[in-house]
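**Q** Take a look at the following structure, please.
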Ligand code: GDP
Ligand code: K
Ligand code: MG
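In the UniProt record's numbering, the protein residues as written are 1 to 298.
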């Protein structure tokens with residue numbers, strides 16, 4: 001690393017499902033944060049690291065901000081605002097089709113109250129809206145006076161995301177890189193693997209159940225033949241939920257396991273043996289360990 005190196009910490013904020021995790025994955029160029037159409041997919045701050053010339057850019061993908069009810073939700077919201085406080089730049093992602101909803105409103109008001117008037121705005125999902133409504137929304141958001149630059153993007157199609165990355169890189173501050181050159185995420189391997197499985201739980205199960213689950217990697221064993229054995233527990237709160245996760249004749253858990261294993265193997269570039277267990281833990285969300293593991297306040 002030469003003396004010109006520079007660094008930027010960018011907090012990515014936005015309403016649930018605005019496309020924050022999709023955008024961070026696109027900017028980083030690999031999957032660091034899990035994505036699903038359900039809210040609360042991202043539970044904690046996940047950092048993704050991108051390189052642009054001499055700049056190392058660290059994106060902090062925050063959980064969506066929303067009106068918190070349960071303890072877990074309150075911790076998630078606190079984590080989002082902590083992420084913003086620590087960052088040099090704040091990037092607000094807005095779903096262009098949804099416009100200024102209550103969550104986006106709360107974020108804008110919060111940023112203004114914190115004196116952040118130089119935020120970046122990413123109007124996302126432009127593949128889904130007409131140009132005239134996009135321009136009207138951009139004008140309405142510009143009038144909020146918290147944004148210094150606006151980008152119209154599709155995180156999904158990587159449309160406009162290069163310009164956004166260039167802009168962020170130009171504003172990077174001189175200083176040494178914070179992460180090794182080949183590191184794209186600071187999420188420890190065990191947590192990362194648990195997230196891959198949790199994404200499948202989110203995708204393959206419906207309604208309320210995914211929010212009541214937690215995945216933990218209990219063991220990670222690198223084998224001499226180059227493969228890895230991963231043992232994970234999917235925790236649920238009730239017996240009835242356990243039955244749903246298992247599915248008829250174990251069909252559901254097998255489908256979850258196959259999809260998760262294939263994705264882990266593709267990303268790790270080696271064979272994976274995945275063993276999933278489903279356990280009932282009634283007081284799951286009163287267990288401090290689950291919060292501290294994720295860096296959330298209990
Ligand atoms: P987050 O909750 O803000 O992190 O949102 P996610 O990244 O999990 O995305 C929520 C949903 O929006 C997923 O189904 C994504 O595939 C979808 N999505 C994200 N970006 C785009 C986009 O640019 N265009 C379209 N059409 N869908 C998108
Ligand atoms: K989501
Ligand atoms: Mg997310």
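Heads up, the beta-carbon is just placed ideally off N, CA and C, and yes, glycines get one too.
Remember, predicted model here, so these are calculated numbers, not experimental data.
1) According to DSSP, which residues form a beta bridge with residue 60?
2) How many Å lie between residue 1 and residue 238 at the Cα?
3) In this structure, does DSSP put residue 159 in helix, strand or coil?
4) Return the first residue and the last residue of the alpha helix (DSSP H) that residue 202 is part of.
5) Quick one: give me the first and last residue of the alpha helix (DSSP H) that residue 262 is part of.
6) Buried or exposed for residue 266, please, with buried defined as at least 16 other CB atoms from any protein chain shown within 10 angstroms of its CB.
7) Going by CA-CA distance only, name the one from 234, 157, 269 that's closest to residue 199.
8) Rounded to the nearest angstrom, what separates residue 116 and residue 172 at their Cα positions?
9) Mind checking whether the beta-carbon of residue 327 lies closer than 6 Å to any heavy atom of the ligand GDP?
10) Using DSSP bridges, identify the partner residues of residue 216.
11) Keeping to the same chain, check which residues put their C-beta closer than 7 Å to that of residue 97; ignore five residues upstream and five downstream.
12) Please report the Cβ distance between residue 304 and residue 111, rounded to the nearest whole angstrom; I am assuming they are in contact, meaning their Cβ atoms lie under 8 Å.
13) Residue 226: buried (16+ other C-beta within 10 angstroms of its C-beta) or exposed?
14) Can you check whether the CB of residue 137 is closer than 7 Å to the CB of residue 83?
15) Just the Cα atoms here: how many angstroms apart are residue 261 and residue 272?
16) Cα separation between residue 6 and residue 205?
17) Smallest Cα separation from residue 216: which of 166, 246, 270, 194?
18) Mapping the DSSP letters down to three states, classify residue 1 as helix, strand or coil.
19) Under the rule that 16 or more other beta-carbon atoms within 10 Å means buried, what is residue 232, buried or exposed?
20) Quick check on residue 167: does DSSP put it in helix, strand or coil?
21) Leaving out five residues before and five after residue 26 in sequence, what residues of the same chain have Cβ atoms less than 6 Å from its Cβ?
**A** So, from the listed chains and residues:
1) 11, 47
2) The predicted model places residue 1 with a pLDDT of 47, which falls under 50 and marks its position as unreliable; any figure quoted below should be read in that light. Approximately 52 Å between the Cα atoms of the pair.
3) strand
4) 189-204
5) 251-268
6) exposed
7) 234
8) 17 Å
9) Lying outside 1 to 298, the shown extent of the chain, residue 327 is not represented and no answer is given.
10) 233
11) 125, 128, 129
12) Residue coverage of the chain in this structure runs from 1 to 298, which leaves residue 304 outside it and unanswerable.
13) exposed
14) no
15) 6 Å
16) 43 Å
17) 194
18) Only weak support is given to the placement of residue 1: the predicted model assigns it a pLDDT of 47, under 50, and the value that follows is read from those uncertain coordinates. Residue 1 falls in the coil class under three-state DSSP.
19) buried
20) helix
21) 155, 158, 161
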